[in-house]
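Going by our numbering, the sequence shown opens with residue 2, and the numbers climb by one from there. Have a look at the structure below before the remarks.
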Amino acid sequence: MPIYAYKCSECGFQKDALQKMSDPKLTHCPSCNQETLVKQVTAAGFQLKGSGWYVTDFRGGSGKTSEAATGPSSDAAPAPAPAAAPAPAPAPAPAAAKPSAS
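This is how it looks when you write it as structure tokens:
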């Protein structure tokens with residue numbers, strides 16, 4: 002059932018009403034007790050329920066999923082390559098023996 006917004010043209014009172022489309026319009030203002038309620042034009046709202054949409058929800062005629070829909074996106078950055086383990090540092094060279102001064 003849609004929710005309709007009403008506003009009193011005399012006192013400015015505003016009210017939202019959950020009504021069937023076949024229900025008569027509200028005209029009586031509960032604030033000033035006059036027959037001056039006017040239905041307002043409002044944007045239609047919608048609710049998303051569930052866990053979302055998937056590629057397989059709306060399958061095309063061929064029954065195959067496209068590679069672009071199932072593979073990585075072309076505009077997404079590629080995943081970085083895993084860092085390689087650092088190479089072990091080379092062993093220090095043995096110190097050269099100094100000739101003795103004798």
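Heads up, the beta-carbon is just placed ideally off N, CA and C, and yes, glycines get one too.
Item                                                                                                           : Value
Between the alpha carbons of Lys16 and Lys8, how many angstroms are there, rounded?                            : 6 angstroms
How is the beta strand (DSSP E) around Asp17 delimited, first residue to last?                                 : 15–19
Three-state secondary structure (DSSP) at Val39?                                                               : strand
Looking at the secondary structure, which residues open and close the beta strand (DSSP E) in which Cys9 lies? : 4–9
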